[in-house]
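Heads up: the sequence shown at position 37 corresponds to 36 in numbering that gives the first Met the number 0, and the numbers run straight through without jumps.
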Amino acid sequence: MKIAVIQGPNLNMLGIREQHIYGPMSLDQIHEQLKGAAAQNGVEVEFFFFFLEGEIVDRIQECLGTVDGIMINPAAYSHTSIAIKDALSAVAMPVVEVHISNIYKREEFRQKSITAGASTGVISGFGPFGYHMGLIALMQIITEIKAVSNAQQTAE
Ligand code: DQA
0 MKIAVIQGPN
10 LNMLGIREQH
20 IYGPMSLDQI
30 HEQLKGAAAQ
40 NGVEVEFFFF
50 FLEGEIVDRI
60 QECLGTVDGI
70 MINPAAYSHT
80 SIAIKDALSA
90 VAMPVVEVHI
100 SNIYKREEFR
110 QKSITAGAST
120 GVISGFGPFG
130 YHMGLIALMQ
140 IITEIKAVSN
150 AQQTAE
């Protein structure tokens, strides 16, 4: 099982930016922990960070046929990007959207995620642990999909 973790703009500043909201961990530290948890479960993880919306769209399209699922924190683009939402819909695979902060108790403009409309589910407000929750969710969803498709192949 292979998943792509896609991180949006300013998440490279984790550990520096607004620690009272996002906590002290850097993006590299979060990825290192997640990689360990994934390896323990036999899951391969690829990590990507982008500043630009178009690069995120590009990367999502490249996920088609190369990974089983996507974990994405589109960061500020969550609230604005129809292009990222469309790309996630286009690849039609399991997607978990993660937000480190609880976007529902922040400014009004953050309380709506456009991209979430194309995701299987959203995890918001659990800090960096949200990525671990996302991993567990994706493992479960992908395992279920594989089981159904195996059963279909056996029946044919
Ligand atoms: C964020 C929430 C967004 O509103 C914000 O723009 C981010 C990070 C989060 O992980 O809590 O950059 O996606």
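Built from N, CA and C at the ideal position, the CB exists for glycine as well.
When the Cα atoms are used, what is the spatial distance from residue i to residue j?
{"i": "GLN32", "j": "ILE81", "result": "31 Å"}
{"i": "HIS156", "j": "LYS84", "result": "The shown model of the chain, from 0 to 155, leaves out residue 156, and the question about it has no answer."}
{"i": "GLY14", "j": "ALA150", "result": "45 Å"}
{"i": "ILE2", "j": "PRO23", "result": "25 Å"}
{"i": "ILE140", "j": "PRO93", "result": "7 Å"}
{"i": "ALA86", "j": "ARG109", "result": "21 Å"}
{"i": "GLN60", "j": "VAL66", "result": "11 Å"}
{"i": "ARG16", "j": "GLU143", "result": "38 Å"}
{"i": "SER25", "j": "GLY126", "result": "12 Å"}
{"i": "LYS104", "j": "ILE122", "result": "14 Å"}
{"i": "PHE128", "j": "THR153", "result": "38 Å"}
Would you please state the rounded distance, in angstroms, between the beta carbons of residue i and residue j? I believe it to be under 8 Å.
{"i": "VAL95", "j": "GLY133", "result": "4 Å"}
{"i": "GLY41", "j": "MET70", "result": "The pair is not a contact, with the Cβ atoms about 16 Å apart (cut-off 8 Å)."}
CB of residue i to nearest heavy atom of ligand 1: below 7 Å?
{"i": "SER80", "result": "no"}
{"i": "ILE122", "result": "no"}
{"i": "SER77", "result": "yes"}
{"i": "ILE203", "result": "There is no way to answer for residue 203, as the model of the chain reaches only from 0 to 155."}
{"i": "HIS131", "result": "no"}
{"i": "HIS19", "result": "no"}
{"i": "ILE2", "result": "no"}
{"i": "ILE102", "result": "yes"}
{"i": "ARG58", "result": "no"}
On a Cα-Cα basis, can you pick out the residue from the options that is closest to residue i?
{"i": "GLY120", "options": "LEU63, HIS131 and LEU137", "result": "LEU137"}
{"i": "ILE135", "options": "GLY64, ALA38, GLU52 and ASP57", "result": "ALA38"}
{"i": "GLN6", "options": "MET0, LEU51 and GLY35", "result": "LEU51"}
{"i": "GLU106", "options": "THR114, ILE20, ILE59 and LYS145", "result": "ILE20"}
{"i": "GLY53", "options": "GLY35, GLN152, PRO73 and LYS145", "result": "PRO73"}
{"i": "LEU63", "options": "HIS30, SER88 and THR79", "result": "SER88"}
Beta carbon of residue i, beta carbon of residue j: below 8 Å?
{"i": "SER112", "j": "SER148", "result": "no"}
{"i": "ILE55", "j": "PHE46", "result": "no"}
{"i": "GLY124", "j": "SER100", "result": "yes"}
{"i": "ASN9", "j": "ALA117", "result": "no"}
Does at least one heavy atom of ligand 2 sit under 7 Å from the Cβ of residue i?
{"i": "LEU10", "result": "This structure lacks ligand 2; the ligands present are ligand 1."}
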